[in-house]
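**Student:** So that we are looking at the same thing, I have put the structure below in structure tokens.
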Amino acid sequence: MSVLEEPILFLQRIAHTSKWSRTLLILLLVLICIPTLTWAASNSDYTLYIETGYVPVGSSPETGNGATTISSWGYTDVDNGNGRFPGVILESIEGRSFTVKVVNHHNIKHNFVIQGVTTDTSAIPPGGSRTYTVNTPAAGVFLYRDTLNNNINRSLGLFGALVVRTSDGSQQAWRNGPRYDQERLWVINDLDRPRWTDVAFNGNRVNTDIYKPNYFFMNGLNGFAGMVDANSTLEGIVGDVFLVRIVNSGQFDQSLHFHSNHFQVLSRGGVREAAPPYQDTINVRAGKTAMVLYQLNQRGHYPMHVHTAQMETGNGVYLNGTATMIIAH
Ligand SMILES: [Cu+2]
């Protein structure tokens, strides 16, 4: 019997029954379908718009200098919204599928590729759109970005993260994996404003042979803004365990140093550590991810900063780069 034969036979049977029982059957079918439709609608479908935008940069708490506004291209969920970085956080649970519709409102072609998850790298022309079906893999964190144009599109801000949690709702890094009390996502990046960002944003040709980044961000924030951002800081009571998902969307590696105490490295580049090592610094490679487990072991305020001095600055202004705080009560 073909796939179609069964419903056809069913319809024929309906046609031979009375008008009343036919109405009842149709009503029954509608009732059966309603929960299915509701479930499908809530199954985390996203629409991302590629837009131009800007990222405000605050002044340094040390010097009071450095405030500016940086132009960007980004994936936003607001039609004609501010295309700033990082893009919308995509969330799912392991084993589930969802769709992402990407609408290109920019004047050059772009794409949307989730590293290690989706494979369609073809371009979306200006004014065009494409819908991707994402089959969510194992729990973890994944970088999505525009892979076109020699890293220029990503560098201008077309990147973000997909967070995948366990399907049973447990606070574990993965099924039967390490437990946590709180979770954080750190999407970090660097950019070369004079040679890349401003040149590309104005529609001119970037010389990709030279890349000297002068701005460094965490979750699109720099310096003091990152140190007080509740989505970035590891703030809790002594004993709290944080799962920190880290995505380096930039072109330079970043060495993140956690003060106060050590953490466990759970995974690097999507590969889980068989015996998670304890460290106080982790080098997250450009374009790669990591997950660490950090427990607040003693009261106090401690910094989390990058060990490359340049990355603690914004265009040379100290304490205006990648940083956040560890606050234990
Ligand atoms: Cu340090």
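Taken in order, the sequence shown gives residues 991 to 1319; the numbers are from the working numbering.
Glycine included, every Cβ here is placed at the ideal spot set by N, Cα and C.
Quantities reported herein were computed from a predicted structural model and do not represent experimental measurements.
1. Taking the alpha helix (DSSP H) that V1189 falls in, what are its first and last residues?
2. Please name the residue in N1179, T1123 and N1125 whose C-alpha comes closest to that of A1313.
3. Taking R1258 as the reference, give the member of T1279, N1251, F1242 and Q1269 with the closest Cα.
4. Tell me which residues share the same chain as P1127 and place their Cβ nearer than 8 Å to its Cβ, disregarding the 5 neighbours each side in the sequence.
5. Which of the three DSSP states, helix, strand or coil, is assigned to I1142?
6. Give every residue of the same chain whose Cβ lies closer than 8 Å to the Cβ of Y1170, excluding the five residues on either side of it in the sequence, and list them in chain order.
7. In or out: S1087 buried (at least 16 other Cβ within 10 Å) or exposed?
8. In its own chain, which residues sit with a C-beta less than 6 Å from the C-beta of N1251, not counting the 5 before and 5 after it?
9. Check G1210 in the structure and name its three-state DSSP category.
10. Who are the Cβ neighbours of V1090 in its own chain at under 8 Å, not counting the five residues just before and after it?
11. Examine ligand 1 and report whether any of its heavy atoms sits within less than 7 Å of the Cβ of H1291.
12. Please confirm whether any heavy atom of ligand 1 lies closer than 7 Å to the CB of H1252.
13. At a cut-off of 7 Å, would you count H1100 as near ligand 1, judging by its Cβ distance to the nearest heavy atom?
14. Identify every residue that forms a DSSP beta bridge with D1182.
15. Can you say whether K1307 is buried or exposed, counting buried as having 16 or more other CB atoms within 10 angstroms of its CB?
16. Is H1096 near ligand 1, judged by its Cβ being under 7 Å from some heavy atom?
17. Identify whether Q1269 lies in helix, strand or coil by the three-state DSSP scheme.
18. Is H1319 a contact residue of ligand 1, with contact defined as CB to any heavy atom under 7 Å?
19. For the putative contact between V1237 and L1146, defined by C-beta atoms under 8 Å, what is the C-beta separation to the nearest angstrom?
20. With a CB to CB cut of under 7 Å and the five nearest residues on each side skipped, what residues in its chain are close to E1225?
**Tutor:** Well, looking at it:
1. Locating residue 1189 in the sequence shown gives position 199, where the first residue counts as 1. Annotation: the continuous alpha helix (DSSP H) that includes V1189 extends over D1188 to F1191.
2. Against the sequence shown, residue 1313 aligns to sequence position 323. Comparing C-alpha distances from A1313 to each of N1179, T1123 and N1125 shows the shortest one belongs to N1179.
3. Residue mapping note: residue 1258 aligns to position 268 of the sequence shown, counting from 1. Scanning T1279, N1251, F1242 and Q1269 for the CA closest to the CA of R1258 turns up T1279.
4. Counting from one through the sequence shown, the residue named residue 1127 turns up at place 137. The answer, listed in chain order, is E1084, G1106, V1107 and V1154.
5. Stepping through the sequence shown from its first residue, residue 1142 is reached at position 152. DSSP places I1142 within a helical segment (H, G or I) once states are collapsed to three.
6. Against the sequence shown, residue 1170 aligns to sequence position 180. Excluding sequence neighbours, Y1170 sits near Q1161, Q1162, A1163, V1231, F1232, L1233 and L1283.
7. By 1-based counting over the sequence shown, the position of residue 1087 is 97. Exposed, since its Cβ has fewer than 16 Cβ neighbours within 10 Å.
8. Locating residue 1251 in the sequence shown gives position 261, counting from the first residue. Hits under 6 Å: N1287.
9. Position 220 of the sequence shown, counted from the start, is the residue given in the question as residue 1210. Collapsing the DSSP output to three states places G1210 in coil.
10. Against the sequence shown, residue 1090 aligns to sequence position 100. For V1090, the CB contacts under 8 Å within the same chain, skipping 5 residues up- and downstream, are D1035, Y1036, T1037, L1038, L1080, F1102, T1121, Y1122 and V1124 in chain order.
11. Along the sequence shown, read from residue 1 onward, the residue named residue 1291 stands at position 301. No.
12. Here the question's residue 1252 lines up with position 262 in the sequence shown. No, the beta carbon of H1252 sits no closer than 7 Å to any heavy atom of ligand 1.
13. Taking the first residue of the sequence shown as 1, we reach residue 1100 at position 110. If you check the C-beta of H1100 against ligand 1, you find no heavy atom less than 7 Å away.
14. Counting from 1 along the sequence shown, the entry for residue 1182 is found at position 192. Beta-bridge pairing links D1182 to no other residue.
15. Start at 1 with the first residue of the sequence shown, and residue 1307 comes out as number 317. Per the sequence shown, the amino acid found at residue 1307 is Val instead of Lys. Buried.
16. Locating residue 1096 in the sequence shown gives position 106, where the first residue counts as 1. Incorrect: H1096 has no Cβ contact closer than 7 Å to ligand 1.
17. To locate residue 1269, count along the sequence shown from 1; it is residue 279. The DSSP-derived three-state label of Q1269 is strand.
18. Indexing the sequence shown from 1 puts residue 1319 at position 329. Checking the Cβ of H1319 against ligand 1 gives no.
19. Looking up residue 1237 in the sequence shown gives position 247. Looking up residue 1146 in the sequence shown gives position 156. With a Cβ gap of about 17 Å, V1237 and L1146 do not count as contacting.
20. Counted from its first residue, the sequence shown places residue 1225 at position 235. Excluding residues within five positions, the ones whose Cβ falls inside 7 Å are I1317.
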